[in-house]
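Colleague:
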Amino acid sequence: MKHMILVACLFLGACASASAEQTSSDDPTAAAVTTNQLERLEPFDAMQGDPSRRPIYLDAQGREIPEAAYADLPRDAAHPASNRQLVIPSNGFGMNALFLLAAGEGPKPTMLLLHGLPGNERNLDLAQAVRRAGWNVLTFTYRGAWGSQGTFSIQHALEDTKAALAFLRSDAAAREYGIDRSRLVLAGHSMGGYAAAFTAANDLLSAPRADHGPPERWEPLAGLILLDAWPIGETAAQVKAAGAAGRQALIASFDDLGHALGPITAADIADELDRRGGQWALAPLAARLSVTPVLSVYASGGLAAENRAFAAALRKAGAKRVTDVGLESDHAFADKRITLAAEVVRWLEALR
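Written as structure tokens, this is what we have:
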């Protein structure tokens, strides 16, 4: 989706200005800020004259950047961080996955991190920062993408997300990987952002139920993180309204697929959006996310207008814990990686 933002601008009239967006939160103590750059205190001021103290880094608003966003932690020799490759089942197929396990003893809060379409940007640097903050992070590639078995489709990606979340909630996974199932967060970028929102919105409805409610081991999600989420249904509606020209523009926007999705082409994705895209609107999900803490980070050169509107829809639906942050960057946050990590880690630390 390298040029998907051009399609959004063409059909939705949603090109954001080059100015930075504002951060807003329903926490009355939270300041509205812009996050555009990092500044470092002078060494003497930062260390208070003590060279053994670590330097302190601040953002443009004077907020301290969480150390996990940019610095390694001392090694825990007894319980070191580790990477585990695994295969997660989804509808009879195996999805390639990588589990970044945090250092330390005992179960850890865990993030399920979803990539976009096709997934050239995996946000693994963000995953590493989240791990340094004490969280496990599970990443995987959808069926038919990047060597995972099966056939890729957006519908399959939604099913795969549900399967990966079910895996994290399983007794076997909790024991094997040290997962605190009471602190699971879904996070996703672009198409993965929609998949995260869709899955979170339907999570309680799809919970396994006994006679008197969900089994004891099932707990609601602790939070949801949207990284310039793609409002798939809204895009599909605008493309359909534009007719043949809209379809061609959409296909042209998927110019970075390469061989990532196997035999699936941009035309195949356009066909799926034409058939099923109306089912995948972002805005209607707000009503089912009113009790879920949400962080939405969006890009001025990406899908800022749509994601800002979704944050407003969440608040209108009664959500009390919504934080939205606008960064002056492109859809991939290519030049705001540390800033992005800082926003996510800061939010996770407050969530805990």
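Those letters in the sequence shown? Residues -20 to -1, 1 to 332, per mature numbering (1 follows the signal peptide of the UniProt record, and there is no 0), in order.
We treat Cβ as the ideally placed atom computed from N, Cα and C, and that holds for glycine.
Ala209 and Leu262 look like a contact to me (Cβ under 8 angstroms); what is the Cβ gap, rounded to whole Å?
Modeller: Working through the sequence shown from its first residue, we reach residue 209 at position 229. Working through the sequence shown from its first residue, we reach residue 262 at position 282. Confirmed, Cβ separation roughly 7 angstroms.
Colleague: Compute the beta-carbon to beta-carbon distance between Leu204 and Thr303, rounded to the nearest angstrom, for a pair I have assumed lies under 8 angstroms.
Modeller: Within the sequence shown, residue 204 is the residue found at index 224, counting from 1. Within the sequence shown, residue 303 is the residue found at index 323, counting from 1. In fact, because the Cβ distance is near 11 angstroms, the residues do not count as touching under 8 angstroms.
Colleague: Examine the Cβ distances between the stretch 210 to 217 and the stretch 245 to 263 and report whether three or more of them are shorter than 8 angstroms.
Modeller: yes
Colleague: Leaving out the 5 sequence neighbours to the left and right, which residues in its chain are closer than 8 angstroms to Ala247 when beta-carbon positions are compared?
Modeller: Walking along the sequence shown from the start, residue 247 turns up at place 267. Setting aside the 5 residues that flank it on each side, Ala247 is surrounded in the same chain by Ile231, each with a C-beta closer than 8 angstroms to its C-beta; the list follows chain order.
Colleague: Between Trp115 and the rest of its own chain, which residues show a CB-CB distance below 7 angstroms, the 5 nearest in sequence each way excluded?
Modeller: Locating residue 115 in the sequence shown gives position 135, counting from the first residue. Once the five neighbours on either side are set aside, the close Cβ partners of Trp115 are Ala82, Lys88, Pro89, Thr90, Met91, Leu328.
Colleague: Is the stretch 139 to 159 touching the stretch 62 to 75, taking contact as three or more C-beta pairs under 8 angstroms?
Modeller: yes
Colleague: Please name the residue, chosen from Gly168, Glu199, Val219, that lies closest to Arg106 on a Cα-to-Cα basis.
Modeller: Indexing the sequence shown from 1 puts residue 106 at position 126. It is worth fixing the name first, because residue 106 is Leu in this sequence and not Arg. Of the listed residues, the one whose Cα sits closest to Leu106 is Gly168.
Colleague: Can you tell which of Gly158, Lys300, Arg55, Ala289 has its C-alpha closest to the C-alpha of Leu118?
Modeller: The sequence position of residue 118 within the sequence shown is 138, counting from 1. Selected option, being the one with the closest Cα: Gly158.
Colleague: Could you tell me which uninterrupted alpha helix (DSSP H) segments, each at least 4 residues in length, are contained entirely in the stretch 95 to 153, listed from first to last along the chain?
Modeller: 104 to 112, 134 to 149
Colleague: How is Gln41 classed by DSSP in three states: helix, strand or coil?
Modeller: Taking the sequence shown and counting its residues from 1, the one referred to as residue 41 is at position 61. Residue state, collapsed to three classes: coil.
Colleague: Please give me, in chain order, every unbroken run of the alpha helix (DSSP H) with length at least 4 that falls completely inside the stretch 205 to 270.
Modeller: 212 to 221, 223 to 233, 246 to 256
Colleague: Look up residue 376 in the DSSP assignment and say whether it is helix, strand or coil.
Modeller: Because the chain here runs from -20 to 332, residue 376 falls outside it and cannot be looked at.
Colleague: At which residues does the alpha helix (DSSP H) containing Phe313 begin and terminate?
Modeller: The count along the sequence shown starts at 1 and reaches residue 313 at position 333. Run containing Phe313: none; DSSP gives neither H nor E here.
Colleague: Roughly how many angstroms separate the alpha carbons of Ser170 and Leu66, rounded to a whole number?
Modeller: Counting from one through the sequence shown, the residue named residue 170 turns up at place 190. Counting from one through the sequence shown, the residue named residue 66 turns up at place 86. Roughly 24 angstroms separates the two Cα atoms.
Colleague: Grab me the residues of Asn63's own chain with a C-beta within less than 8 angstroms of its C-beta, minus the 5 sequence neighbours each way, in chain order.
Modeller: In the sequence shown, counting from the first residue as 1, residue 63 sits at position 83. Result list for Asn63: Leu78, Phe79, Leu80, Leu81, in chain order.
Colleague: Taking the continuous beta strand (DSSP E) assigned at Ile36, which residues delimit it?
Modeller: The residue you call residue 36 lines up with position 56 of the sequence shown. Unbroken run through Ile36: none, as it is neither H nor E.
Colleague: What three-state label does DSSP hand Gly281 in the structure shown?
Modeller: Taking the first residue of the sequence shown as position 1, residue 281 is located at position 301. In this structure, Gly281 counts as strand in the three-state DSSP scheme.
Colleague: Closest by CA to Gly306, which one among Val277, Leu269, Leu201, Leu241?
Modeller: Locating residue 306 in the sequence shown gives position 326, counting from the first residue. Of the listed residues, the one whose Cα sits closest to Gly306 is Val277.
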